[in-house]
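What follows is a set of notes on a single structure, which appears directly below.
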Amino acid sequence: MRSASSLHAAIDLGSNSFHLLVVRDVSGSLQTVARIKRKVRLAAGLDAKNQLSEESIQRGLHCLALFAEQLECVPLSQIRAVATATLRIATNAEDFLARANDILGLPINVISGEEEARLIYQGVAQTTSGSDQRLVVDIGGGSTELVTGTGTEATALFSLSMGCVTWLERYFTDRYLTRENFDRAQAAASAEIKKVKQTLITQGWQICVGASGTVQALQEIMIAQGMDEQITLPKLEQLKQRAIQCGKLEELEIEGLTLERALVFPSGLAILLAIFHELSITRMSLAGGALREGLIYGMISLPVDIDIRKRTLETTQHRFAVDLEQAERVKAACLMLVQQVADQWALSEYCQQLLFSAAALHELGLSINYRHGAANGAYLIRQLELPGFTPAQKQLVAAIVANQIGNIDLPSLSKQSALPLQQAEQLCRLFRLAIILCSTRSATDMHLFHLSALGERLTLRLDPQWAVTHPYRVELLQQEEHLQSYVHWGFAVAY
C-alpha cells in the first residue's frame with residue numbers, strides 16, 4: 006500500500022543498462038536504500054531499421070518487473086522514470102513503453118538528448134565538489150553527453166549519437182580487437198566531437214569530471230592497479246595498448262575490469278580517448294552522481310547555494326550527534342599549525358580542506374563507543390556515502406581520523422591516493438598535534454604555542470607558564486615525541 010513517505014526513486018532506462026535508485030530524505034541528506042542495475046543491452050536489440058527485437062524487449066520487461074517489486078512502498082508521485090537514446094530512436098518504442106507502463110504503474114518519459122545532458126549535469130553538480138566551472142562527460146550505451154556549466158547552471162548541452170554499445174556493434178562486430186578497428190572507432194568518435202568542439206572550448210572549464218559506466222570502470226581499474234584515481238591521457242593510452250594485446254573482447258583480462266563490463270569497455274575507451282585528444286583534456290575525475298541523481302534532486306528541494314562538501318559534513322555531523330564546538334576548535338588549531346609551518350610546508354588549499362574535513366568528522370566514532378572511537382570513525386568515513394568526496398579523498402580522511410591518537414599506522418596513509426605520501430603524513434602530523442592541544446575541550450589561546458618546521462622535523466615551542474599549569478597536555482605532547490620517533494618522524498617539544 007502506497008502512502009506518504011520520505012522515499013524517492015529514479016528509474017533510468019539506458020541503452021546498455023537499466024538502473025533503479027531509491028533514497029530516503031534524512032534531514033536534508035539523501036540516504037541510498039536500494040540500488041539495482043541490470044545489463045539489458047537494449048541498443049544491441051536494434052536492427053537495421055531501428056526496430057527492437059522481441060528478445061531485447063523481454064529482457065527490458067523482466068528487469069522492470071524486478072524494479073516494480075522494489076517500488077511497492079514508494080509513492081507514485083515520488084518516482085521518476087526516463088528512457089534515453091535507444092528508445093528515442095526505436096521505431097517500436099511505443100509498444101515497449103505501453104507494456105512497461107503496465108508493469109510499473111506509471112508513465113515513462115522518453116527524454117531528449119539535451120534533457121538527458123541537463124539531468125546528468127544536475128546530478129554531478131549536486132554530488133561533486135570542486136571548482137564551479139566544469140566539463141561533464143557521460144559515455145552511455147547509445148549516446149555521449151558533453152556539458153559545460155558553472156555551479157548548478159549548465160552553459161552548453163550536447164548529446165552525441167555514439168555510445169559504448171552502438172560503437173561495439175559498429176566497429177567490433179566480430180568481437181576481435183585490433184589496432185585497426187580500435188583506431189577506426191576512435192576516429193569516428195573524434196569526428197562527432199569536432200561538431201561541438203568549438204562551442205565547448207569557448208565556454209571553458211577548470212575541471213573535467215566523468216560520470217557513469219565507462220569512467221567508473223576506468224577508475225576501478227586505476228585503483229585496483231595501485232594508481233591514484235585521476236584519469237589521464239597516458240593511463241588511457243596504456244590501457245589501449247593492453248586491450249589490443251588481448252586480441253578478443255571475450256579474452257580481455259585487465260586487473261580491475263569486471264567481466265560484465267569487458268565487452269563494451271574497448272568501445273567506451275575509444276570514445277573517451279577521442280574526447281581527451283579533441284578537447285585537450287589532461288585529467289579527469291569521477292563524478293559523484295549522474296542522471297539518476299539529477300532526477301532525484303529534481304524532486305527534492307535542497308539548497309543550491311551551499312558547497313556540496315560543506316552540506317555533506319554538516320548533515321553527517323548532525324546524523325551522528327558530533328560535538329560541533331569541539332570540531333571547530335580542532336579545525337582552528339589545524340589552521341593555526343598550517344599557517345605556522347607555511348614557510349616550509351606549502352600545503353595547498355586542497356590539502357587544507359581535506360584536513361578540515363577530518364576535523365569535522367574526527368569524533369564520528371564516539372556515536373558507537375569511546376574505546377575504539379578513532380577506528381570506528383575511520384570505518385564510518387570509509388563506508389558512508391559522502392557526496393562531494395571521491396573514494397580516494399574518503400580514504401585519506403579516514404586514515405587521518407584513524408591516526409589521530411596512539412600508535413601511528415603508516416600503511417593506512419600509504420594506501421590512500423588522494424595526496425602524495427609525504428603530504429598525507431604532514432597532514433596527519435599536524436592533526437595529531439591539534440587533537441592534543443584541544444583535548445580538554447575548552448577554549449585555548451593558540452598564541453601560547455608555536456610550531457616550526459626544518460625540512461620534515463617539527464618543533465613545538467610552549468609558553469613556559471602554560472606548561473606549568475597544563476601538565477596533562479604536556480604529558481601527551483611528550484608521549485607524542487616518542488610515538489612519532491617510532492615511525493622516524495622528527496618531533497620535539499621545547500619551552
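Residues 6 to 500, numbered by the working numbering, are exactly what the sequence shown covers, in order. By construction, the Cβ of each residue, glycine as well, lies at the ideal position given by its N, Cα and C atoms. Predicted, not measured: the structure shown is a model, and the values here were computed from it.
Check: Proximal residues to L268 (C-beta, below 6 Å), its chain only, five neighbours per side dropped; Outcome: L254
Check: D143 classed as buried or exposed, judged by whether at least 16 other C-beta atoms fall within 10 angstroms; Outcome: buried
Check: Own chain partners of N21 with C-beta closer than 8 Å, once the 5 adjacent residues on each side are dropped; Outcome: K44, V45, R46, L47, A48, G145, G146, G147, G168, C169, V170, G218 and V269
Check: Opening and closing residue of the alpha helix (DSSP H) in which I305 lies; Outcome: No alpha helix (DSSP H) contains I305, which DSSP labels as neither H nor E.
Check: C-alpha gap between T91 and V406, whole angstroms; Outcome: 46 Å
Check: G370 in three-state terms, based on DSSP; Outcome: helix
Check: Minimum C-alpha distance to A117 - residue among G128, V129, I94 and D100; Outcome: Before going further, note that residue 117 is Ser rather than Ala in the sequence given. Nearest of G128, V129, I94 and D100 to S117, Cα basis: I94.
Check: Closest by C-alpha distance to G273, when choosing among Q191, K399, C339 and I249; Outcome: Q191
Check: Which of helix, strand or coil DSSP assigns to G19; Outcome: coil
Check: Sub-8 Å separation of A1 and S417 beta-carbons; Outcome: An answer regarding residue 1 cannot be provided, because it is not within the stretch 6 to 500 covered by the chain.
Check: Reference Q127; option with closest CA among A193, A103 and G154; Outcome: G154
Check: Helix, strand or coil at R288 [DSSP, three-state]; Outcome: strand
Check: Pair within 8 Å by beta-carbon distance, T157 and G293; Outcome: no
Check: Range of the contiguous beta strand (DSSP E) that encloses G215; Outcome: I212 to A216
Check: Whether V214 touches M289 by CB criterion (8 Å); Outcome: yes
Check: Beta-carbon proximity of C356 to L426, cut-off 8 Å; Outcome: no
Check: Buried or exposed by the 16-neighbour rule on C-beta atoms within 10 Å, applied to A499; Outcome: exposed
Check: Burial state of N374 (16 or more Cβ within 10 Å); Outcome: exposed
Check: Residue environment, V220, which counts as buried when at least 16 other CB atoms sit within 10 Å; Outcome: buried
Check: Other residues of its chain near R180: CB distance less than 7 Å, five sequence neighbours each side excluded; Outcome: K253, L254 and E255
Check: Span of the alpha helix (DSSP H) around E481; Outcome: The displayed chain sequence assigns Leu, not Glu, to residue 481. Note, L481: alpha helix (DSSP H), P476 to Y491.
Check: Same chain, Cβ closer than 6 Å to K54, five either side skipped, listed in chain order; Outcome: none
Check: L371 versus L360 - alpha carbon distance; Outcome: 19 Å
Check: Span of the alpha helix (DSSP H), counted from its first residue to its last, around E330; Outcome: L329 to Q345
Check: Counterpart residues of D143 in DSSP-defined beta bridges; Outcome: E150 and A216
Check: Per-residue DSSP class, three states only, for Y452; Outcome: In the sequence as presented, Tyr is not what sits at residue 452; that position holds His. The answer is helix: DSSP assigns H452 an H, G or I state.
Check: Own chain partners of L111 with C-beta closer than 7 Å, once the 5 adjacent residues on each side are dropped; Outcome: L81, I84 and A86
Check: Simplified DSSP state of A14, which is helix, strand or coil; Outcome: strand
Check: Proximity below 8 Å, CB of L296 to CB of D17; Outcome: yes
Check: Assigned exposure category for N412 - 16 Cβ within 10 Å defines buried; Outcome: exposed
Check: Close-in-space but distant-in-sequence residues of the same chain around A130 (CB under 6 Å, 5 per side omitted); Outcome: T157
Check: Range covered by the alpha helix (DSSP H) that runs through V170; Outcome: C169 to Y176
Check: Distance between beta carbons of F23 and G65, contact taken as under 8 Å; Outcome: 7 Å
Check: DSSP state of E430 mapped onto helix, strand, coil; Outcome: helix
Check: Alpha-carbon spacing of H452 relative to A337, whole angstroms; Outcome: 12 Å
Check: Inter-residue Cα distance where the pair is L57 and L352; Outcome: 56 Å
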